[in-house]
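Have a look at the structure below, then the notes.
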Amino acid sequence: MATLYEKYITDDDSAAWIYTATWRGQTFTPSEAHKITSVKLKLYRKGSPGEVTVSIRETSGGEPNGGDLCSGTTDGNTLPTGSPYEWREITLGDGYNLDADTKYAIVVRNPGGDINNCIAWRRDSSAPTYDGGCKVYSYNSGDTWATQTAYDYMFEDWGEEISVVAPTVTTQAVDNIAAITARGNGNQTDNGGEDASAWGVCYNTTGNPTTADSVAAGSGAGGVGAFTAAMSGLTPGQHYYVKAYATNSAGTGYGGQVEFTTKIGRSYGFIIG
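Residue numbers (full-length UniProt numbering): 1 to 273.
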């Protein structure tokens, strides 16, 4: 069952029309990480606006940035033409995992509409109190945006708890092999819904290493992506088994096993006479 997360639902006293290149949006900041699955917006129509697209985007500088993270459509022709306005729910495809305390934007457009066939989004233009964002708008189909902090649109953010599983990790070949040092390589391809608290490579001389064996911490910040790990204190001429790993609250994910042999250290003889 869906859960209501962010919202602004009171004191709507005006509306703004959405059609063709005129796009509208509302930024919002989840206080809790979750997977957004739908939004409810307070809407009505004029004429026959046709299909309306609603999406979620990242923001930069408080304005929508980049492409759609998830999106959905609704038939604008079925909206009411006046009061009572409708709280229309728009399902956002497969949804998207939102991070806590990160600002996102709900973006609404009606590219097939015109001034006589469009939708209107209700808003509070007198004393808005939503602290997590504000109205944003574009007059060129989202190419550039502007903000208006004196307005908040009516919205509800619906979703579900993110199910955290252990990260998915792959192991790459060891390189920079010397007599007592080598570099392990791994890649976290999926964080399992939560960034790792520990990651790197584990290694031993018997096979199938785990984090109970020797461990070298990985580079980076624990999110999805490649990392390296410096192994040191190795034995010259020894064969080692290595796995990349990453750990979050759900457990530890391991990559496949790779092998390498350290180089033989140089020996020196001295003649005393």
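Glycine residues also receive a C-beta, built at the ideal position from the N, C-alpha and C atoms.
Note that the coordinates shown come from a computational prediction; the quantities given were computed from them, not determined experimentally.
So, using beta-carbon positions, are residue i and residue j closer together than 8 Å?
i: Gly-76; j: Lys-35; result: no
i: Ile-119; j: Arg-45; result: yes
i: Leu-79; j: Leu-43; result: yes
i: Gly-62; j: Thr-27; result: yes
i: Val-201; j: Val-242; result: yes
i: Ala-179; j: Pro-236; result: yes
i: Met-231; j: Gly-265; result: no
i: Gly-193; j: Val-169; result: no
i: Met-154; j: Arg-109; result: no
i: residue 289; j: Asp-13; result: The structure shown does not extend to residue 289, since the chain is modelled only from 1 through 273, so no value can be given for it.
For the beta strand (DSSP E) holding residue i, just list the boundary residues, first then last.
i: Asp-68; result: 63-75
i: Asp-99; result: Note, Asp-99: premise wrong, no beta strand (DSSP E); not H, not E.
i: Leu-41; result: 34-46
i: Asp-195; result: No beta strand (DSSP E) holds Asp-195; DSSP gives it neither H nor E.
Is there a Cβ of chain B sitting closer than 8 Å to that of residue i, yes or no?
i: Gly-67; result: The displayed structure is made up of one protein chain only, and chain B is not part of it.
If you draw a straight line from the C-alpha of residue i to the C-alpha of residue j, how long is it?
i: Ala-166; j: Asn-116; result: 52 Å
i: Ala-221; j: Ala-246; result: 11 Å
i: Asp-213; j: Gly-255; result: 15 Å
i: Thr-22; j: Gly-82; result: 21 Å
i: Ala-244; j: Gly-186; result: 5 Å
i: Asp-152; j: Ser-219; result: 42 Å
i: Tyr-8; j: Ala-127; result: 12 Å
i: Thr-73; j: Arg-24; result: 15 Å
i: Asp-143; j: Lys-135; result: 16 Å
i: Thr-181; j: Gln-257; result: 18 Å
i: Pro-111; j: Phe-260; result: 58 Å
i: Ser-138; j: Ile-106; result: 13 Å
i: Asn-97; j: Thr-37; result: 9 Å
With DSSP run on the structure shown, which of helix, strand or coil describes residue i?
i: residue 361; result: There is no way to answer for residue 361, as the model of the chain reaches only from 1 to 273.
i: Thr-228; result: strand
i: Thr-78; result: helix
i: Gly-269; result: Note that Gly-269 scores a pLDDT of 49, beneath 50, so its modelled location is shaky; the value from the coordinates is reported in the next line. Residue state, collapsed to three classes: coil.
i: Gln-172; result: strand
i: Val-164; result: coil
i: Leu-4; result: strand
i: Asn-117; result: strand
i: Glu-51; result: strand
i: Ala-178; result: coil
i: Gly-106; result: Before going on, a small fix: residue 106 reads as Ile here, not Gly. Strand at Ile-106.
i: Thr-235; result: coil
i: Gly-222; result: coil
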